[in-house]
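Step one of this worksheet: look at the structure below.
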Amino acid sequence: MPKKVFELAKELELKPLDLVEELKTKGFDSIKNHMSVLSDDDLAKFESLKSAEAKAAEENAATKKKTKKKTTKKKAKTAKTAKKVAKKAKTTKAAAKAGDDAPKKKATTVRKKTVIRRKSGEKEEAPAEEVLETSTVQTEEVNTPEVEVQAKAETSDEKKEGGLQVVSRPEAPAEEKEAEPEKKEIYEEKVHKFTPVFIPEKSEEKEEKPAAKAGAPKEEFTEDDDKKGDAKKKFGGLASMMSGKKANVSKSALLTQTRADSELKSYAALSGSGRPIYTQVKKKRIYSGATNKTEITEVKDSKRVVNLHGGATVVELAKKLKVKSKELVDKALEINLLLKNDDYVGIILASELAELYNYRVEDKKFDEDAVLGNEELSEEEKSNLPVRNPIITIMGHVDHGKTTLLDHIRSAKVCEGEAGGITQHIGAYSVNTSGGKTLTFLDTPGHAAFASMRQRGADVTDIVVLVVAADDGVMPQTKESIKYCENSGCPIIIAVNKMDKEGVNTDRIKSELSEYNLAPEDWGGTTQYFPISALKGDGIDELLDGIGLQAEMMELRADPKGGAEGVVIESKIEQGRGPMSTILVQKGTLKKGDTVVVGETYGRARSLMDSKGEMLSKVGPSMPVQILGLNEPPSPGDQLNVVKNEREAKKIVQNRLDEKRKLASVPTQKQVSLEDFFASAAGEGVEQKTLNLIIRSDVQGSFEAIKQSLEPLANSEVDVKVIGGGVGPITDSDISLADSSGAVVIGFGMRPVTTARRMAEEKGIDVKTYQIIYELIDDVKAALEGLLDPDTEEKFIGRAEVKDTFVVPKIGQIAGSLVVDGKIQLGCHIRLLRGGRIMFDGELSSLKRFKDDVKEVKNGLECGIGLKDFNDLKVGDLFEAYMLVEKKRTLEDVELAEIQKAEEAEAAAAAMAAESEEVENENSL
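Per numbering that gives the first Met the number 0, residue 0 is the first one in the sequence shown, and the count goes up by one each step.
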C-alpha cells in the first residue's frame, strides 16, 4: 500500500526531513519533500536496501571481535628524524647481542621526545623555537630485550657553540615487570606524555642548580608578566606539569594544569578513544595603567546648566533635568513643595528644584535671530543690491472685474474656474510682459469674508492696483482696501473698469476717490488713473506701462544670495502629495532640498513648482512658488526662513510654541465697570445656546476667513464655536467628533471620504458642503436664528362683562356674561379685571351657551364663562380675552435688544453715579 514519506518516517521513528535526504541518497530522485508518495515498488526497494545495510553492519561487527590486536605500521620517516632513527637502530643491535640468552618479553613502546633549541647567545637575533616531534615505534613480540635510552647530561650543552641542540628522553620502565592490565596498557600507549620542554638561559640554569641539589623546590606563585618571555612561559609551565617536575609556576599555569588533568581523566574514562586535546587557556590581559579601579567622574559644571526663559512647567523642567516628572514631583516634597505636572514654576523656584539634582538654572532667552542669521543692511549696502521685479496686488470690491483683468494679462481663464464666478483664494502669478519685464501679481478676494486675505495682500505687495467698476463706483470693500493700503504704505494705481458700458462717467469715480486722498494726476494729485475694459482688453497695455514706471521710481532691490526669506500666501493639503504652500520669496534664493522653517512648522523643500506647473531647481526674489515637504500646512502670512539643518529647525519651532503657550497661560485682566454689572443682571436667567461646527476647507486662507466671518455672529443668547476641522477632506475623526459633541460638519470645497460618508449616514450626522462662502454664512445665520427663543405677542380677541354668577356642581362658579367686543374663543388666554386691577390671568376652563359647550361666542351674545382654578367672580367684573402669538427673532433683533439693554444699563449707572455724587455733596455741606 503506498505511503507518504512522513508516514514511513513515523513508523521508522525518524524525522521526515532526515528520511527525505536518506531516500535521495539511495537513488529515489522522485522524492521532493515529506509529502511525496512512495509506491509499493519503492517501499520494497527501500526495505531491501535497509536489510542489506543491516547485514553489512553485522559482518563488520563480527570482524572487529575477532581482531583485538591491530598491528600498526611505522610512520614515514621525515628528513629531520632519519638520523635519529639510524642512531637508535645501532643501539638496539648492540643490546640484542648482549642479551641472546634473555627470555622473550612482550613488545614495549618507545617514545622519544625531541626538543630543538637555540643557544642563549642567539636569543637577540631570533626568538627561541620549540619543535615537538614524537615518534612512536611499536613492534611485535621479538627475542631482544627492552632498551632504555637516556639523554646525556644537559651541562654538556653549555660547552657547545651555536647551532641547534637535540635532547632525547625516551622513557622506559626502570624494572622489568609483567605487562599492566589491558586498560592501563591502552592508556600508556596513546597518551602523549612528552611535551615541549623550555630550557632556561645559562644565567637562570646557574641559579637553579644549587636549589636542585638542596632538594625539590617548593611551589611559588609569581605574578604574570605580559612583557617578558610570553612564549617561553607558555610551554615551560606545561612541560613541567607533564614531566612531573615542580617549578616556579604562575596562577595561570596552575589553572592550565588543573584543566589538563581533568581532560586526561575524561579521556581515560572514554577508554582512550580519539586524541586528547589540550585547550590553551587565554590569559586575561591586565591593564598596566595608573590604576585598575573604576573611577567615578563628574559632569563638567558647564554641562550641568538648564536654560529657561521666564519659567517652565513641571513637565518641561523635568525634561531638561533628564528625570521623570513624577520623580521631580516627589523630590519637591523634600523642600515642602507640592506640585502638579501642569504647574508653571518661575526662575527662582526652578533654581531651587534644579539644585536638588546639582543643576544650575540660567534665565537665558533663545536667540532666534542669531540662529536664522538675520542681519540688517545699511542704506548704502541696500543701494548696491540688484534690482528685483515688483509685486503687484489687484484689489477691489467683489464682482468689479479683478480676476478678469488678471486673466487678460495672463491670457488665462481663471475666473471661469472659480465657484460662483468670484475669487475665494489668494493667487500668485508671474507674468512676462511684452517689454521683457517680469511682474508678479497677487489676486485677492473681494468678498467681505476675505478681509484678512486682502490685508495680507497689502502687507507683502509693492504696488496695489485698485479696480473700481465705472457703473458701481466706490463700494464698501473698495473703502476697506484703501484703508489697508494706507496702513501698509504702498502706492495705489486706479484701474476704472467696465468702460465699455454706455453712460459711464469717470469723473464721478475720480471725485469719490478724491475724498480718500487719491486725487488724479490731471487734477493736480499723484495717483495714476487708467480707464480699462478687462473684458475686451482696452487700456491694459497702458496700465502695465504705468506699473513699470511706478516700479522704476521705487527702485526695488533685494539680495539674491544667501538663504531665502519669504511669506506664505496660501496653503492647502493636496491629495496624495501632502501639505502644499504658495510662497512669495522676498530675499535670497530658495533651492530644492533646503531645510525651511515656516511659522510653527518646518520641513524640507522637496519640490518647487511655479504657477504654470513647471518644476524648478531654485527661485529668486519676487517670485511665487509652490513647495512640498512641510510637516503641516502653515498659516497664510507666516514667514519662511532657510536654516542649516533639521535640528536647528526643531529648536526654532519649539521656541515659538513655548512662547505661544506662555502667552496663552497668562490671564488677561479685564476692567469691570458698573455697566457690566447692569448688563449681566439684565441677562440673568437667559441660557446661552451653542452651535458647534467642524469646518473643512480646501485652503488654509479660506478656513481662517470662514472662522473670522462666523465668530462675530455670536451674541448673549447664542454662540458659534469652531471645535475642529482644518485643511483637507472630511475624515472619520471629524464624524466621530461631531457625534460626541453634537456638532455640524461643514465642507467648503471639500467632501467627505467614502468611509466618513458611510459613518455619517449610520450615526445621523448632518454634513453640509458648499462652494460659495456667502451661502455658507447665510445657512449658519439661519441655524443660529433657529436656536433663538421666539418672542411672544398678545393678540386681542374680545371683551365680555359679568352680568350674573351661579355655581354648577362638579364645575364650580360660572359667570353669566355678555360679549361686548370681539369674541371669546375656547382655549384662549383670559384676564379678569376688577376696578382696573388684574385679579386673574390664565386660561378658560369652560365656555357654554345655555347648556351646550361651544368653541366661540361672538359679539352681542350671552355665554357662561368658567375660569381654571379661580372661583372669586363678582357682577361687574370684566373679561379680556387674548391669544399668545410667537414671533421668530433674527440676529439683528438680538443685537438691537443688546444695544438697548446696554443703553439702559449705562443710564442706570449714570443715575446711580449722580445720586452718589449728590450724597457726597450733602455730606460735605
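Beta carbons: idealized from backbone N, C-alpha and C, even for Gly.
Since the structure is predicted, the reported quantities are computational estimates derived from the model, not experimental observations.
Per DSSP, Q574 lies in no beta strand (DSSP E) and is assigned neither H nor E. In the structure shown, A557 adopts coil according to DSSP, grouped into three states. Here H407 is near I539, since their CB atoms are less than 8 Å apart.
In this structure G865 does not touch I829 by the C-beta definition: roughly 10 Å separates them, more than the 8 Å allowed.
Inter-residue distance for F795 and I898 is about 30 Å (C-alpha atoms, whole angstroms). Around the beta carbon of N640, 16 or more other beta carbons lie within 10 angstroms, which makes this residue buried. In the DSSP assignment, H407 falls outside any beta strand (DSSP E) and within the unbroken alpha helix (DSSP H) covering 401–409.
Residue burial is scored here from C-beta neighbours: R507 has fewer than 16 other C-beta atoms within 10 angstroms and is therefore classed as exposed.
Here A469 carries a coil assignment [DSSP, helix/strand/coil].
Closest option to T581, judged by alpha-carbon separation, among V503, G700, E485: G700. Checking the DSSP bridge columns, you'll see C862 partnered with S816. For Y769, the enclosing beta strand (DSSP E) has its first and last residue at 766–769. Membership of R836 in the beta strand (DSSP E) is indicated by the continuous run 836–848. Linking K586 to S634 through their CA atoms gives a straight-line distance of about 20 Å. Taking V459 as the centre and dropping the five residues before and after it, the same chain places the C-beta of I390, V566, L583 closer than 7 Å to its C-beta, in chain order. Separation of the CB atoms of T403 and A533 is rounded to 4 Å, and the pair is thereby assigned contact status at 8 Å. A contact is defined here as three or more CB-CB pairs under 8 Å, and the stretch 328–345 fails this definition with respect to the stretch 363–383.
Following the DSSP letters along the chain, one finds T505 in no beta strand (DSSP E) but inside the alpha helix (DSSP H) bounded by residues 505–513. Considering only L615, T600, A469, the residue with the shortest C-alpha distance to L607 is L615.
Counted as a single uninterrupted DSSP element, the alpha helix (DSSP H) harbouring G700 occupies residues 699–709.
Here S610 is buried. Its C-beta has 16 or more other C-beta atoms within 10 Å. In the structure shown, V4 adopts helical secondary structure according to DSSP, grouped into three states. In the DSSP assignment, R750 falls outside any alpha helix (DSSP H) and carries neither an H nor an E. When DSSP reads this structure, F878 sits in a beta bridge with A799, L831.
Comparing alpha-carbon positions, the option among C489, S382, D470 lying closest to V495 turns out to be D470. For N306, the pairing in a beta bridge is given by DSSP as E361. Residue environment: D733 is assigned as buried (16 or more neighbouring CB atoms within 10 Å of its CB, all protein chains considered). Counting C-beta atoms within 10 angstroms of its own C-beta, T62 has fewer than 16 neighbours from the protein chains shown and is therefore classed as exposed.
As the crow flies, the alpha-carbon of S261 is around 58 Å from that of A317. Note that the stretch 781–792 touches the stretch 878–891; at least 3 beta-carbon pairs, one per stretch, sit closer than 8 Å. Remark: three or more beta-carbon pairs, one from each stretch, lie closer than 8 Å, so the stretch 520–532 and the stretch 542–549 are flagged as touching. Beta-bridge analysis with DSSP links M614 to M608.
Using a C-beta cut-off of 8 Å, the stretch 839–849 makes no contact with the stretch 760–776, since fewer than three inter-stretch Cβ pairs fall below that distance.
T804 carries a strand assignment under DSSP once its states are collapsed to helix, strand and coil.
Nearest neighbour of G310 by Cα position, chosen from V360, M911, V322, turns out to be V360. Taken in chain order, the complete beta strand (DSSP E) segments of 3 or more residues contained in the stretch 338–388 are 343–345, 359–362.
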